[in-house]
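So for the sequence shown, the numbering used here puts the first residue at 6; every next one is plus one.
All C-beta atoms, glycine included, are put in the ideal place defined by N, C-alpha and C.
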Amino acid sequence: NSNSNSNGCQSDAQCEWRQECQDGPQDPCQGQGTPESCQNTGGCRWDEFCTLPSDPCWGLHTRSECEAASCIFEHDSFCHSVSSCYSRQDQNGCQTDGAGCVWRSECHSNGGNNGGPDCRGPCNDTMLACQSESTGQCGAALQCMMEASGECNEACREQCVSNVTAAAAWAALGATSHCFNECEGRGRDNCSECQPVYVQAGGSYNLERCADLPDVPDIIACGGDPLTSGTVSVDASGHVRVVLSGVQPYNLYSVSFLHDLSIHNFELLGVVGTDATGHTSGPQLVCAVDNAADLASCGSGSGGSGSGLQAVASFGWYGRFILHSRGPFRTASCFNTVASLCDTDASHAFANPPVVNVTELPQFITCTHCNSTTTPGPCNQIPTQGECNSNSQCHWNSYCYPHNDPCGWRGD
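Below, the structure is given as structure tokens:
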């Protein structure tokens, strides 16, 4: 069974090489005739779009094959002919196009290519921002993933982002990833899973105990610290502030941001400390410091925050804030430093060991959760983009949903 080619198999006297056709799994999305039944079927997406009746370019899935045939290659390996049909965004314009266009409505798997449009249109602005990002790293990574044959899996994605190191590039990639995930409806199938948050300037994000979450992707094991409540907020300059209540007293917590695009790339932002009651003193500024004296002066001030979120004002971030415990850093009368377990000099460096791997033993995490019991409102029942956009209460992004939906999985 370990021989993956015919030559290796046939050279082993105990083996024979077989080729056969077998029944494949049935696609549950096929046959769903309405937007409601499609969206209620896990892993499915309802699309309406203008297209040619038959396009010879649909069967080409790599950029090289597509461009060699003088076709247009788009994201998610969608290849199509040069035609005005694909620029039509409404049914009336599609059906009156002299090129013989047809309007199609169908239910298909997220990420699957059924000859329909992908999310390049709704996400065009974020893609352009990524491609024009100053370091060039974001555009290179996006191009790498777009050229991958078929669905770009975890290993492919890791390889494509392996050379991304600049904060601005990570921010632009995160914004692009967020847009495509939103458009394609990813994350709505498992409502208990801890989904990434899209962090923007002025936002506030709730912290949850890692140990209380049923599924946290990429996390090896959770810590066991208590938590009554906690939030992470970001200002327009990218400064991060943390509020903790009911956690370990006199404890040092490390604050990191784990990018959703790669578990190997995270921003270590700094630390916050708690008082004798296990609380932070209000919204405490996250500070890149290594001793209690600097922590005290920075944490209540307006400067000295970690360096990882300075691009948040222009792009936003996509991932999870993660807090790790570095253990007690002081008592009521002295400090735990490299000089002594009970040092009276707060300027000496923390003795607490730093965090090396953010996927191991995190205590608190920011998550987004979808809601599988949301009751459809009027917007959810509108089947076309034109009707949706004409309703001031609704917004179209692959399907119609209400503005400021308190139960929406996106959080907007």
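Test item: CB-CB of residue i and residue j under 7 Å
{"i": "THR279", "j": "VAL252", "result": "yes"}
{"i": "LEU263", "j": "ILE224", "result": "no"}
{"i": "ARG93", "j": "THR56", "result": "no"}
{"i": "CYS90", "j": "TRP51", "result": "no"}
{"i": "CYS76", "j": "SER86", "result": "yes"}
{"i": "SER250", "j": "SER234", "result": "yes"}
{"i": "ARG325", "j": "ILE370", "result": "yes"}
{"i": "THR46", "j": "GLN35", "result": "no"}
{"i": "LEU274", "j": "VAL291", "result": "yes"}
{"i": "VAL169", "j": "ALA206", "result": "no"}
{"i": "ALA180", "j": "GLU138", "result": "no"}
{"i": "VAL277", "j": "TYR258", "result": "yes"}
C-alpha distance - residue i paired with residue j, whole-angstrom precision
{"i": "CYS143", "j": "VAL204", "result": "18 Å"}
{"i": "SER42", "j": "PRO33", "result": "11 Å"}
{"i": "LEU266", "j": "ALA172", "result": "13 Å"}
{"i": "PHE349", "j": "CYS339", "result": "According to the sequence as given, residue 349 is Thr; it is not Phe. Cα-Cα distance, rounded: 5 Å."}
{"i": "CYS303", "j": "CYS135", "result": "34 Å"}
{"i": "LEU4", "j": "CYS84", "result": "Only positions 6 to 417 of the chain appear in the structure, and residue 4 is not among them; the question remains open."}
{"i": "ALA104", "j": "CYS165", "result": "38 Å"}
{"i": "THR364", "j": "ASN270", "result": "11 Å"}
{"i": "VAL360", "j": "HIS329", "result": "7 Å"}
{"i": "ALA354", "j": "ASN362", "result": "21 Å"}
{"i": "ILE387", "j": "GLN96", "result": "14 Å"}
{"i": "THR389", "j": "SER395", "result": "10 Å"}
{"i": "TYR323", "j": "ARG162", "result": "15 Å"}
{"i": "SER352", "j": "LEU346", "result": "14 Å"}
{"i": "ASN341", "j": "ASP230", "result": "20 Å"}
{"i": "SER182", "j": "GLN289", "result": "30 Å"}
{"i": "GLN368", "j": "CYS399", "result": "38 Å"}
{"i": "GLY287", "j": "ARG335", "result": "19 Å"}
{"i": "LEU366", "j": "LEU232", "result": "15 Å"}
{"i": "PHE54", "j": "GLY64", "result": "18 Å"}
{"i": "PRO222", "j": "GLY98", "result": "43 Å"}
{"i": "VAL107", "j": "ASP60", "result": "12 Å"}
{"i": "ALA344", "j": "ASN296", "result": "12 Å"}
Assumed close pair residue i, residue j - CB separation to whole angstroms, cut-off 8 Å
{"i": "ALA298", "j": "ALA337", "result": "Not quite, the Cβ-Cβ distance comes to about 16 Å (not below 8 Å), so this is no contact."}
{"i": "ALA216", "j": "CYS227", "result": "4 Å"}
{"i": "CYS131", "j": "CYS184", "result": "The sequence shown places Thr at residue 131, not Cys. Right, their Cβ atoms sit about 5 Å apart."}
{"i": "THR464", "j": "VAL202", "result": "Past the boundaries of the shown model lies residue 464; the chain is included only from 6 to 417, so the question cannot be answered."}
DSSP beta-bridge partners of residue i
{"i": "HIS244", "result": "DSSP, once it has assigned bridges, lists no residue as partnering HIS244."}
{"i": "TYR203", "result": "TYR323"}
{"i": "VAL276", "result": "SER259, CYS292"}
{"i": "GLU53", "result": "SER110"}
{"i": "GLY235", "result": "LEU249"}
{"i": "ILE370", "result": "GLU213, ILE327"}
{"i": "ARG335", "result": "PHE340"}
{"i": "GLU365", "result": "ALA226"}
{"i": "CYS84", "result": "PHE78"}
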